[in-house]
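Q: I'd like to ask you about the structure that follows.
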Amino acid sequence: MGRCTGECVPMKVEKTPPQVGLAGIGKGDYLRRQSEFDYVRANGTTLAGRLIVINIVSAPDNKVRIGIIVSKGYSRKAVHRNRARRLIRESFRLLRTGIRPPVWIIVIARRQLFSLKVQDVQGEFVQLLADAKVSVTDPS
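Using the numbering used here, read the sequence shown as starting at 99 and increasing by one per residue.
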């Protein structure tokens with residue numbers, strides 16, 4: 099049992115996205131109020147990528163927080179919009195502890211994100227943060 103008879107095909111192993119430090123997201127890590135979104139839009143810098151657009155501003159509360167926008171223009175189906183939110187949220191969770199200095203970030207999904215994986219979203223997220231001169235470093 100367990101031995102391959104005939105032609106053996108190795109299992110395909112997905113590459114897991116890199117994680118910076120121990121990560122978890124709580125309720126306090128999200129931008130929720132309209133006034134917080136307005137603050138970021140009024141005072142922040144906008145950077146556009148192929149998959150996402152980010153608005154980023156220095157945090158007035160000294161925390162790294164995120165707001166995610168996936169409108170019906172992205173897709174009329176809630177299941178597609180929710181998947182986009184999950185991809186963005188997971189990318190942020192993996193990078194959150196290494197982001198310096200503390201910033202507030204609004205992430206807006208683009209349609210090209212539809213069929214991609216978390217590794218792709220995380221790669222673009224890291225690139226846009228580097229363009230914004232926000233470092234993503236290993237805290238240990």
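Where a beta carbon is used, it is the ideal one built from N, C-alpha and C, also for glycine.
When DSSP builds the beta bridges, which residues end up paired with Leu145?
A: Its beta-bridge partners are Ile152.
Q: Does DSSP put Ile123 in a helix, in a strand, or in coil?
A: Coil.
Q: Rounded to a whole number of angstroms, what is the C-alpha to C-alpha distance between Arg131 and Lys125?
A: Straight-line Cα distance between these residues: approximately 12 Å.
Q: Whose C-beta lies closer than 8 Å to the C-beta of Thr143 among residues of the same chain, with five residues either side of it excluded?
A: These residues qualify, in order along the chain: Asn153, Ile154, Val155, Ala230.
Q: Out of curiosity, what's the CA-to-CA distance linking Ala182 and Asp218?
A: Going by the C-alpha atoms only, they are around 12 Å apart.
Q: Measuring straight from C-alpha to C-alpha, what distance separates Lys110 and Ile206?
A: Here Lys110 scores only 49 on pLDDT, less than 50, and its place in the model should not be relied on; the value that follows carries that caveat. If I take the Cα positions, the gap works out to 32 Å.
Q: DSSP beta-bridge partners for Ser233?
A: According to DSSP, Ser233 bridges with Arg198.
Q: Give me the Cα-Cα distance between Leu145 and Arg163, rounded to the nearest whole angstrom.
A: The alpha-carbon atoms of Leu145 and Arg163 are separated by roughly 17 Å.
Q: So for Tyr128, helix, strand or coil by DSSP?
A: Tyr128: strand per DSSP, three-state reduction.
Q: Which one or two residues does DSSP pair with Val205 in a beta bridge?
A: Val205 is bridged to Ile152, Ile166.
Q: Alpha helix (DSSP H) containing Arg184: first to last residue?
A: First-last of the alpha helix (DSSP H) with Arg184: 176-193.
Q: Assuming contact is defined by CB atoms lying nearer than 8 Å, are Pro116 and Leu226 in contact in what I supplied?
A: No, they are not a contact pair.
Q: What do you get for Ser233, buried or exposed, if any count of 16 or more other CB atoms within 10 angstroms of its CB means buried?
A: Under this definition Ser233 is an exposed residue.
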